[in-house]
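According to full-length UniProt numbering, the sequence shown holds residues 1 to 239 in order.
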Amino acid sequence: MTSNGESGDSAVKVYVKEERLTVEEDMLHEFKGHRNFSKDDIPQAAIINKTQRPISRNLCGFLNTGAGGVVYCGVTDNGEVQGIHLTNYQKDHVLLSVQDLFSRFEPPVDSSMYTVHFVPVVTENDHVPDIPSFPVDPEQRNTPHILRTSKYCWCDKDASAQHDFGMISQLYVIEIEVFPWNPKSPLSVTSVTPIHPLFCNEEGLHFVRRLGGLHRPTLAEVIQLAEADTARYHTMNKE
Ligand SMILES: [Zn+2]
């Protein structure tokens with residue numbers, strides 16, 4: 001973990017602004033232009049116009065296939081990298097929002113089941129990410145972030161103030177990766193048949209990722225899915 005709490009190798013990986021990702025939207029990949037994770041983060045106008053849906057639905061869909069997947073925030077529907085401006089304080093906010101979101105899933109999803117990467121976005125002539133070194137005030141950093149709202153948090157107001165002083169924060173693609181189901185997980189349905197439970201998001205809704213997008217399964221389909229998973233598990237694990 002770095003000082004920002006993100007894990008791993010994202011420091012070496014960069015995207016070029018407006019490049020097309022090599023992956024497409026499919027069973028394992030979803031592109032989003034915003035970073036509104038829960039239903040409470042969606043602005044009222046976007047709820048009325050149905051222009052934004054919470055990212056929690058896609059994460060839930062990836063959990064319920066058992067195969068996992070990645071949501072890319074800052075990428076258009078057709079796979080073009082735009083990025084989202086984030087200060088260090090806003091990156092903290094994103095990590096806390098995702099953690100808070102998964103804690104509201106049923107059953108709750110812990111940090112061993114996913115990871116968050118901030119991948120810097122650079123312009124074509126600028127392949128080395130030039131991440132501006134914003135001063136980070138430890139006391140400021142301890143200020144609680146305001147989660148579960150579409151209103152601006154203090155970190156957004158701070159970013160806006162920095163912007164007015166000509167300090168442009170780094171662009172990132174936020175990648176939220178849900179790992180494939182681990183049969184050793186304590187959330188396994190039973191110890192004999194360690195298949196994944198059916199997860200619901202903070203709205204109390206169940207989603208399953210399909211090729212054509214998200215699907216809300218009926219009770220009959222849920223039973224079918226669990227039976228298929230059980231059969232698959234016991235076939236694969238036969239002596
Ligand atoms: Zn914040």
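Every residue, glycine too, gets a C-beta built ideally from N, C-alpha and C.
- Same chain only: Cβ atoms within 8 Å of F199, ignoring 5 sequence neighbours per side: C60, L63, N64, F105, E106, P107, V109, H206
- Task: Compute the Euclidean distance between the alpha carbons of F37 and E80, then round it to the nearest angstrom.
- Result: Using only the alpha carbons, I get a separation of about 20 Å.
- Item | Strand pairing of D164, partner residues [DSSP] | Answer by DSSP bridge pairing: none, since D164 is not bridged.
- Item | Sequence-distant residues of the same chain with beta carbon closer than 8 Å to I195, five excluded per side | Cβ within range, chain order: G66, W181, P183, S188, V189, A226, D229, T230, Y233.
- Please indicate yes or no: does the CB of C153 lie closer than 7 Å to some heavy atom of ligand 2? The ligand content of the structure shown is limited to ligand 1, which means ligand 2 is not among them.
- Strand pairing of Y15, partner residues [DSSP]: V121
- Message: Any heavy atom of ligand 1 inside 7 Å of the beta-carbon of I146?
- Response: yes
- Item | Residue nearest to H29 in terms of C-alpha spacing, selected from Q162, L214, A220 | When each option's Cα is compared against that of H29, the closest is L214.
- Message: Assuming contact is defined by CB atoms lying nearer than 8 Å, are G83 and G74 in contact in what I supplied?
- Response: yes
- CB-CB length for D41 against S111, believed under 8 Å: Incorrect: roughly 20 Å between the Cβ atoms, too far for contact.
- Query: Are Y172 and P217 closer than 8 Å when you measure CB to CB?
  - Reply: It is not a contact, given that the beta carbons lie outside the stated cut-off.
- Message: Looking only at its chain, what residues have a beta carbon closer than 8 Å to the beta carbon of V98, apart from the 5 residues adjacent to it on each side?
- Response: F37, Y114, V116, I176
- Task: Check each candidate in E139, Y15, D26, N237 and name the one with the smallest Cα separation from S208.
- Result: In the sequence as displayed, the identity of residue 208 is Val instead of Ser. Considering only alpha carbons, the answer is D26.
- Item | Close Cβ partners of T235 (< 6 Å) along its chain, the five nearest in sequence each way excluded | none
- Task: Output the distance between the C-alpha atoms of V70 and V178, rounded to the nearest integer angstrom.
- Result: When rounded, the separation of the alpha-carbon atoms in V70 and V178 is 6 Å.
- Query: Helix, strand or coil: which one does DSSP assign to D137?
  - Reply: coil
- Message: For S103, which residues in the same chain have their Cβ closer than 8 Å to its Cβ, ignoring the five residues on either side in sequence?
- Response: V109
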